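Read through the structure below, which is laid out as C-alpha cells, and then see the notes.
See below:
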C-alpha cells in the first residue's frame with residue numbers, strides 16, 4: 001500500500017491512497033483525513049485504507065499529473081529521531097569534520113525538528129550559502145505506539161510505513177554543535193520527504209532484516225551524485241526503534257531515520273551527501289574540491305528497486321534564499 | 001492571565017482560565033478547546049481568554065479543589081527546545097560528570113521529547129533506579145510563531161506564556177550520549193510541567209530582562225533541597241528564542257526551557273538537581289554522598305514570588321517503576 005498527502009489548506013493535508021502503478025489516487029475519506037489521524041488508530045485505519053486501495057485499483061479517484069501537489073506524507077509529526085548507522089558514512093564524516101572517532105556504545109541518534117517536513121517539490125529556504133548547505137539522503141520508518149523497554153523483535157512489529165527523506169544539514173554549525181555534546185539545532189533544519197509512504201510489504205525483497213535495500217539515486221543539478229544502497233545499515237530499523245524506546249514510550253506516528261545512506265563501495269556508487277564526497281576528496285587529494293549547495297541548486301532523490309521502480313516517488317526540489 | 005488544562009479524555013485536554021487567587025477556573029470554550037489550538041491564532045485567542053478571565057473573576061466557573069485533575073498546560077507540543085544557560089550549573093555539571101568544559105560559542109540547547117508532558121501530579125514511570133533518576137527544576141517560555149533569523153528584541157515580542165518545568169533526567173545515559181555529540185535521547189525522557197502557564201505581565205517585577213526572577217523552591221521527600229532564583233540566566237529567554245530561530249521558523253506553541261536553575265550562591269540556596277548537589281559534595285569532600293531518586297520518592301517544585309505567591313502552582317509528584 002502506498003499513501004500520500006495532498007495540500008488542502010490544513011496543516012496536516014489530505015491523506016490519499018495511490019494505485020500500484022503510481023498513476024491514480026483516491027482520498028482516504030473523512031474517518032482518516034490525514035496520516036497523523038490514521039496513526040491514532042492504525043489497527044482500524046490500515047484495513048480501511050487497503051479497502052480504499054481496492055477502489056482506486058478499480059478505477060476510482062483521480063489521475064496523478066505533474067500538477068498534483070504532494071506534501072510530505074506526514075507534514076508534521078510529534079517526534080522525529082534520526083539515526084546515523086551507516087559506519088561508512090560515520091568514518092568519512094570524521095575525515096570531513098576533522099574530528100576524533102565517536103565513542104558510541106549504541107547506534108547514534110539525535111532528536112530533530114518534527115513540526116514541519118517539506119514536501120517533495122517545495123522550495124527549501126535557507127538564510128545563507130555560507131552555512132554549508134548540504135543534503136543527506138536517507139530512508140526512514142513510521143512506527144505505531146512503541147512501549148518503553150520493548151525488544152528489537154517487538155519493535156519490528158510496530159513498523160508500519162517506510163519513507164524516503166532528505167535530512168537537510170547546515171555544515172557550518174555541525175562541528176560546533178557536536179562539540180557541545182547537546183546535539184544539533186542550527187545544523188538540522190526541517191527535512192524533506194518523498195511523496196509516498198509505503199507499507200513494508202510493498203517493497204517485497206527490498207525490505208529485509210529491517211533495512212530498505214534499495215539504491216538511493218541522487219542527482220544534484222541533473223548530474224548523478226550517488227546511488228548507495230540502504231542494505232548496509234550497521235543495525236536494522238527495528239534495533240533503532242528499540243533503542244529510541246529504551247527510556248520512553250514512542251508516540252504513534254514517530255518517524256525514525258537511518259542516517260545518510262552510504263556503502264563501503266563508495267568509489268563505485270558515490271555518496272548521499274556532499275560532506276561525504278568532500279571527505280573522499282580529502283583522502284584522495286588532501287583537500288576537498290566540491291563546494292556546498294548554492295541558491296537555485298536542484299536536488300533529486302529516488303529509491304529504486306531491482307525492477308527499476310520508485311516506490312517512494314521522488315524528491316525533486318530547489319534550494320532558495322529565505323525572504 | 002493564568003491558563004491551565006484539565007483532563008477531558010482528549011490528547012490535548014481542555015483549556016481553562018484560572019482566577020487571580022488560584023481558587024476558580026472557567027473553560028475557555030469551544031473556539032479555544034485546548035492551548036495548542038489557542039496557539040494557532042494567539043492574536044485572537046488572547047483577548048478572548050482575557051474576557052473569560054473577567055467572567056471567572058466575577059464568580060463564573062468552578063472551584064479548584066485537591067481533586068481537580070490538572071494536566072500539563074500543553075500536554076504535547078510540536079517542539080521543545082531546552083537551553084542550559086545558568087553557568088553555575090554548567091560549571092558544577094562538569095565536576096559531576098568529570099568532563100572537560102564545553103567549548104560553546106552559543107548558549108547550550110538541545111531538542112527534546114515534545115509529544116508528552118506529564119501533568120503536575122501524575123506519577124512518572126522509569127525503568128530502573130540504576131539509570132540515575134534526577135530532577136531538573138527549570139523555567140520556560142511558550143512562543144508564538146517566530147520567523148527564521150529574528151533578533152532577540154523581536155523574539156521578546158513573541159514570548160506569550162511562561163511555565164515551570166521539571167526536566168526529568170537519567171544520568172547514567174547523559175555522559176555517553178554527550179560524548180557522541182548527538183545530544184540526549186535516553187537521558188531525557190518526557191518532562192513534567194506545573195499546572196499554570198502565565199502571561200508575562202502576571203509576574204509583574206518577577207519577569208525582567210527575559211528572565212523569570214522567582215525562587216524555585218524544591219522539596220525532595222518533604223525536605224527543602226533548593227530555592228535558587230531564575231534571575232541568574234547568562235542570557236535571557238529572548239536570546240534563547242532568537243538562537244533557536246537562527247536556521248528555522250519556530251512553530252507557534254514551541255516551548256523553550258532555561259535549563260536547571262542555579263545560583264552562584266549555591267552554598268546558601270541549594271540546587272535544582274541532584275547531580276549539581278553531588279558536584280558540590282565532590283568539591284567539598286572528594287566524593288558524592290547524595291544518591292539519585294528511588295521509586296516512591298516524591299518531588300515538589302514551585303516558583304515563589306516576592307509576596308510568597310506561586311503563580312505557576314506546584315509540581316508535586318511521585319517516581320514509580322514502569323509496569
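Residue numbers (UniProt numbering), protein chains in the order written: chain A, 1 to 323; chain B, 1 to 323. All C-beta atoms, glycine included, are put in the ideal place defined by N, C-alpha and C. On a predicted model such as this, the values are computed, not experimentally measured, just so you know.
Checklist entry - So what does DSSP say about residue 169 (chain B), is it helix, strand or coil? => result The residue you call residue 169 (chain B) lines up with position 169 of the second chain. Residue 169 (chain B): strand per DSSP, three-state reduction.
Checklist entry - Is it the case that the Cβ atoms of residue 269 (chain B) and residue 307 (chain B) are separated by a distance below 7 Å? => result Sequence index remark: in the second chain, residue 269 (chain B) carries index 269 (1-based). Sequence index remark: in the second chain, residue 307 (chain B) carries index 307 (1-based). No, these two residues do not count as a Cβ contact at 7 Å.
Item to check | Per-residue burial, residue 204 (chain B) [other beta carbons within 10 Å of its own, 16 or more giving buried] | outcome: Walking along the second chain from the start, residue 204 (chain B) turns up at place 204. Counting Cβ neighbours within 10 Å, residue 204 (chain B) comes out exposed, since fewer than 16 surround it.
Checklist entry - Going along the chain, which residues of its own chain have a beta-carbon closer than 6 Å to the beta-carbon of residue 39 (chain B), five neighbours each way excluded? => result For this step, residue 39 (chain B) is matched to residue 39 along the second chain. Here the set comprises 252, 253.
Checklist entry - If residue 126 (chain A) and residue 64 (chain A) are in contact, beta carbons under 8 Å, what's the gap, nearest whole angstrom? => result Numbered from its first residue, the first chain carries residue 126 (chain A) at position 126. Numbered from its first residue, the first chain carries residue 64 (chain A) at position 64. That pair is no contact at about 29 Å.
Next on the checklist: Which same chain residues end up closer than 6 Å to residue 282 (chain A) when comparing Cβ atoms and leaving out the 5 residues on each side of it in sequence?
Outcome noted: By 1-based counting over the first chain, the position of residue 282 (chain A) is 282. Excluding residues within five positions, the ones whose Cβ falls inside 6 Å are 95, 288.
Checklist entry - Quick one: does residue 68 (chain A) have its CB under 7 Å from some CB of chain B? => result Position 68 of the first chain holds residue 68 (chain A). For residue 68 (chain A), the answer is no, since every Cβ of chain B falls outside 7 Å of its Cβ.
Checklist entry - Closest Cβ-Cβ distance between residue 103 (chain B) and chain A: below 7 Å? => result For the purposes of this step, residue 103 (chain B) is taken as the residue at position 103 of the second chain. By this cut-off, residue 103 (chain B) is an interface position.
Next on the checklist: On a Cα-Cα basis, can you pick out the residue from B:129, B:214, B:149 that is closest to residue 312 (chain B)?
Outcome noted: Here the question's residue 312 (chain B) lines up with position 312 in the second chain. The candidate whose alpha carbon is nearest that of residue 312 (chain B) is B:214.
Checklist entry - In whole angstroms, what separates the C-alpha of residue 18 (chain B) from that of residue 230 (chain A)? => result Stepping through the second chain from its first residue, residue 18 (chain B) is reached at position 18. Stepping through the first chain from its first residue, residue 230 (chain A) is reached at position 230. So the two alpha carbons sit approximately 53 Å from each other.
Next on the checklist: Helix, strand or coil for residue 302 (chain A)? Go by DSSP, reduced to three states.
Outcome noted: Sequence index remark: in the first chain, residue 302 (chain A) carries index 302 (1-based). Three-state DSSP puts residue 302 (chain A) in a strand.
Checklist entry - With 7 Å set as the bound, which would you pick, yes or no: does the beta-carbon of residue 247 (chain B) sit closer than that to a beta-carbon of chain A? => result The residue labelled residue 247 (chain B) in the question sits at position 247 within the second chain. Cβ-Cβ to chain A under 7 Å: yes for residue 247 (chain B).
Next on the checklist: By the three-class DSSP mapping on this structure, what secondary structure does residue 157 (chain B) have?
Outcome noted: Sequence index remark: in the second chain, residue 157 (chain B) carries index 157 (1-based). Residue state, collapsed to three classes: coil.
Checklist entry - By Cβ distance, which residues of its chain are closer than 6 Å to residue 209 (chain B), with the 5 residues on each side in sequence left out? => result Sequence index remark: in the second chain, residue 209 (chain B) carries index 209 (1-based). If we look at residue 209 (chain B) and ignore the five residues flanking it on each side, its Cβ neighbours are 236.
Item to check | Distance between residue 262 (chain A) and residue 179 (chain A) (C-alpha atoms, nearest Å) | outcome: Locating residue 179 (chain A) in the first chain gives position 179, counting from the first residue. Locating residue 262 (chain A) in the first chain gives position 262, counting from the first residue. Taking the straight line from one Cα to the other gives about 24 Å.
Checklist entry - Which whole runs of the alpha helix (DSSP H) in the segment 171–239 of chain B are 4 residues long or more, in chain order? => result 171–180
Checklist entry - Along chain A, in chain order, which residues have C-beta atoms closer than 9 Å to that of residue 56 (chain B)? => result In the second chain, the residue the question calls residue 56 (chain B) occupies position 56. Under the 9 Å cutoff, chain A gives no residues; its nearest Cβ is about 31 Å from residue 56 (chain B).
Item to check | Whole runs of the alpha helix (DSSP H) within the segment 35–63 of chain A, excluding any shorter than 4 residues | outcome: 35–38, 42–57
Item to check | Within chain A, partners of residue 237 (chain B) - CB distance below 7 Å | outcome: Within the second chain, residue 237 (chain B) is the residue found at index 237, counting from 1. By Cβ distance, chain A contributes nothing, its closest Cβ being about 15 Å from residue 237 (chain B), past 7 Å.
Checklist entry - Taking three-plus beta-carbon pairs below 8 Å as touching, is the segment 151–158 of chain B in contact with the segment 72–82 of chain B? => result no
Checklist entry - Hey, residue 70 (chain A) and residue 120 (chain A) are a contact pair by Cβ (cut 8 Å); roughly how many whole angstroms apart? => result In the first chain, counting from the first residue as 1, residue 70 (chain A) sits at position 70. In the first chain, counting from the first residue as 1, residue 120 (chain A) sits at position 120. Going by Cβ atoms, the distance from residue 70 (chain A) to residue 120 (chain A) rounds to 6 Å, so yes, they are a contact pair.
Next on the checklist: Using only the alpha-carbon positions, how far apart do residue 259 (chain B) and residue 55 (chain A) sit?
Outcome noted: Looking up residue 259 (chain B) in the second chain gives position 259. Looking up residue 55 (chain A) in the first chain gives position 55. Answer to the nearest angstrom: the Cα atoms are 53 Å apart.
Item to check | Within chain A, partners of residue 244 (chain B) - CB distance below 9 Å | outcome: What you label residue 244 (chain B) is simply residue 244 of the second chain in a count that begins at 1. Going along chain A in sequence order, the residues near residue 244 (chain B) (Cβ under 9 Å) are 185, 186.
Checklist entry - Residues of chain D with CB under 7 Å from residue 32 (chain B), in chain order? => result Judged by its chain identifiers, the structure shown contains no chain D, and its protein chains are A and B.
Item to check | Closer than 7 Å to chain A by CB, residue 78 (chain B) | outcome: The residue you call residue 78 (chain B) lines up with position 78 of the second chain. Closer than 7 Å: yes.
Checklist entry - residue 95 (chain B) lies in the alpha helix (DSSP H); which residues open and close that run? => result As a working note, residue 95 (chain B) is residue 95 in the second chain. Note, residue 95 (chain B): alpha helix (DSSP H), 87–97.
Checklist entry - From A:16, A:296, A:1, A:22, pick the residue whose C-alpha is nearest to that of residue 32 (chain A); which is it? => result Numbered from its first residue, the first chain carries residue 32 (chain A) at position 32. The option with the nearest alpha carbon to residue 32 (chain A) is A:16.
Next on the checklist: If you reduce the DSSP assignment to three classes, tell me which class residue 84 (chain A) lands in.
Outcome noted: Position 84 of the first chain, counting from 1, holds the residue named residue 84 (chain A). Three-state DSSP puts residue 84 (chain A) in a strand.
Next on the checklist: Which same chain residues end up closer than 6 Å to residue 206 (chain B) when comparing Cβ atoms and leaving out the 5 residues on each side of it in sequence?
Outcome noted: By 1-based counting over the second chain, the position of residue 206 (chain B) is 206. Same-chain partners within the cutoff: 213, 214, 305.
Next on the checklist: Helix, strand or coil, according to DSSP, for residue 252 (chain A) in the structure here?
Outcome noted: For this step, residue 252 (chain A) is matched to residue 252 along the first chain. Of the three classes helix, strand and coil, the one that applies to residue 252 (chain A) here is coil, per DSSP.
Checklist entry - Hey, residue 123 (chain B) and residue 318 (chain B): beta-carbon distance below 7 Å or not? => result To locate residue 123 (chain B), count along the second chain from 1; it is residue 123. To locate residue 318 (chain B), count along the second chain from 1; it is residue 318. Going by C-beta atoms, residue 123 (chain B) is nearer than 7 Å to residue 318 (chain B).
Next on the checklist: Closer than 8 Å between beta carbons: that is the criterion. Which residues of the segment 258–282 of chain B meet it against chain A?
Outcome noted: none
Checklist entry - Would the beta-carbon of residue 141 (chain A) be found less than 6 Å away from any heavy atom of the ligand FMN? => result This structure lacks the ligand FMN, and indeed carries no ligand of any kind.
Checklist entry - Where does residue 315 (chain A) sit, in a helix, a strand or coil, going by DSSP? => result For the purposes of this step, residue 315 (chain A) is identified with residue 315 of the first chain, where counting begins at 1. Correct three-state label for residue 315 (chain A): strand.
Next on the checklist: Within a Cβ cutoff of 6 Å, which residues of the same chain sit near residue 174 (chain A), ignoring the five residues on either side of it in sequence?
Outcome noted: Looking up residue 174 (chain A) in the first chain gives position 174. Cβ within range, chain order: 187.
Item to check | Test: residue 181 (chain A) CB closer than 7 Å to a CB of chain B | outcome: For the purposes of this step, residue 181 (chain A) is taken as residue 181 along the first chain, with counting starting at 1. Chain B contact via Cβ: present.
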